[in-house]
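Residue numbers for the sequence shown follow our numbering, beginning at 67 and rising by one. Below: the structure, in structure tokens.
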Amino acid sequence: MVFFPVSVIINSKIIIRLSEVIDLKRLPLRKEHAARLAEYGLQNIPLNACCCLRFFAGEEVLREGQPIGWLSIVVDGNAKVCRTAPNGKSLILCYNISRGLIGEIELMTRQLNATCSVKAVTDFECIAVSYQNCLAELKTNLVFLNKLGTELAEKLTTSSDNFTSTALCTGEQRLCAYILQNSHRGLFRDTLTDVSCSVGMSYRHMFRLLGQLCEEEILEKRESGYYIMNYEELTRRSHTAAELYQRV
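Quick look at the structure:
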């Protein structure tokens, strides 16, 4: 099974195993990658122990339940995190990853498989640091561990905000905020059954709200999805819910 159906920017001396990557493209790490590693106190790790992965909008960055052998530092773009229930339905845990780490929970809990899926909302780029080559450094580097602890605390706050939004914001506010966060170049095309679960409403009610937004010319239904016609009004209607989600 392919974990990364993407093009990859990778150091020419890379030795990390990426046998399941397709369309491999070898390019050197850039200066901004070194700067991002330094933010986490990882400026001294061997360059052959990390690489930069680039994903296009809609591609999977990580798949729940599959082996994970690296920690990722987000460089650019947005992604969403979701988990799948036994009945096959997906729930969005985080609307918008635009910074921080991916895989830190698995690192600290010593889990070998990904606990959730990560999917690119826009073109997405991250630095992957090999567990195999850098585990000792990741477990003992105080700068990195302090940064990781701060980000875990922020994610706990985000989880609380999401619960507050579900409990206190209207369905329209939650849906509009979700559309704004998950659209790409004005087009929203998420699976609607998953959307209804993520915003906490029935599919019928959500579909009725989408129809209403189309009637009011805020959205336009197209074959490829829903196109945003009126950003200003959609933003106004997402007020409160969007403020909470922007903390992600």
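Glycine residues also receive a C-beta, built at the ideal position from the N, C-alpha and C atoms.
Burial state of residue i, where buried means 16 or more other Cβ atoms lie within 10 Å
{"i": "E105", "result": "exposed"}
{"i": "H99", "result": "buried"}
{"i": "K221", "result": "buried"}
{"i": "R274", "result": "exposed"}
{"i": "V147", "result": "buried"}
{"i": "L241", "result": "buried"}
{"i": "A219", "result": "exposed"}
{"i": "A151", "result": "exposed"}
{"i": "G277", "result": "exposed"}
{"i": "S225", "result": "exposed"}
{"i": "L119", "result": "buried"}
{"i": "K287", "result": "exposed"}
{"i": "K185", "result": "buried"}
{"i": "I88", "result": "Because the pLDDT at I88 is just 33, under 50, the model does not fix this residue reliably, and the point stays unresolved."}
{"i": "A180", "result": "buried"}
{"i": "V209", "result": "exposed"}
{"i": "L234", "result": "exposed"}
{"i": "L201", "result": "exposed"}
Three-state secondary structure (DSSP) of residue i
{"i": "F122", "result": "coil"}
{"i": "Y24", "result": "Only positions 67 to 314 of the chain appear in this structure, which leaves residue 24 out of reach."}
{"i": "S196", "result": "strand"}
{"i": "G277", "result": "helix"}
{"i": "C263", "result": "helix"}
{"i": "A115", "result": "helix"}
{"i": "L95", "result": "coil"}
{"i": "H250", "result": "strand"}
{"i": "L258", "result": "helix"}
{"i": "E172", "result": "helix"}
{"i": "L300", "result": "helix"}
{"i": "L159", "result": "strand"}
{"i": "A145", "result": "strand"}
{"i": "A101", "result": "helix"}
{"i": "L285", "result": "strand"}
{"i": "L137", "result": "strand"}
{"i": "L128", "result": "strand"}
{"i": "L167", "result": "strand"}
Residue nearest to residue i in terms of C-alpha spacing, selected from the options
{"i": "H250", "options": "T223, M272 and A145", "result": "A145"}
{"i": "Q177", "options": "Y293, G143, G131 and L276", "result": "G131"}
{"i": "P112", "options": "E203, M295, C148 and K185", "result": "E203"}
{"i": "Y293", "options": "L167, K185, G252 and E283", "result": "G252"}
{"i": "V187", "options": "E289, G143 and T301", "result": "G143"}
{"i": "C116", "options": "R96, G124 and P133", "result": "R96"}
{"i": "F324", "options": "F190, L300, T175 and R129", "result": "This structure cannot settle anything about residue 324, because the visible part of the chain is limited to 67 through 314."}
{"i": "R149", "options": "E126, C200 and E289", "result": "E126"}
{"i": "I171", "options": "T301, C263 and L214", "result": "L214"}
{"i": "M272", "options": "I134, G237 and C192", "result": "G237"}
{"i": "C182", "options": "S304, I158 and K205", "result": "I158"}
{"i": "C280", "options": "E299, C263, S262 and M267", "result": "E299"}
{"i": "L167", "options": "D256, E289 and L211", "result": "L211"}
Cβ-based neighbour list, residue i, same chain, cut-off 8 angstroms, excluding 5 preceding and 5 following
{"i": "T259", "result": "K155 and Y269"}
{"i": "R165", "result": "V140"}
{"i": "F254", "result": "I245, N248, L285, G291, Y292, Y293 and I294"}
{"i": "I163", "result": "V140, N144, A145, K146, V147, V184 and V314"}
{"i": "S196", "result": "I82, A115, C116, G135 and W136"}
Cβ neighbours of residue i in the same chain (closer than 6 angstroms, five flanking residues each side left out)
{"i": "L173", "result": "L137"}
{"i": "Q109", "result": "L103"}
{"i": "N207", "result": "G107"}
{"i": "V265", "result": "R240, L241 and Y244"}
{"i": "T301", "result": "none"}
Beta-carbon contacts of residue i that lie in its chain and below 7 angstroms, excluding the five residues immediately before and after
{"i": "A194", "result": "C116, C117, L119, W136 and S138"}
{"i": "N296", "result": "E283 and I284"}
| task | Please go through the stretch 203–248 and give each complete beta strand (DSSP E) segment of 3 or more residues, from N-terminal end onward. | result | none
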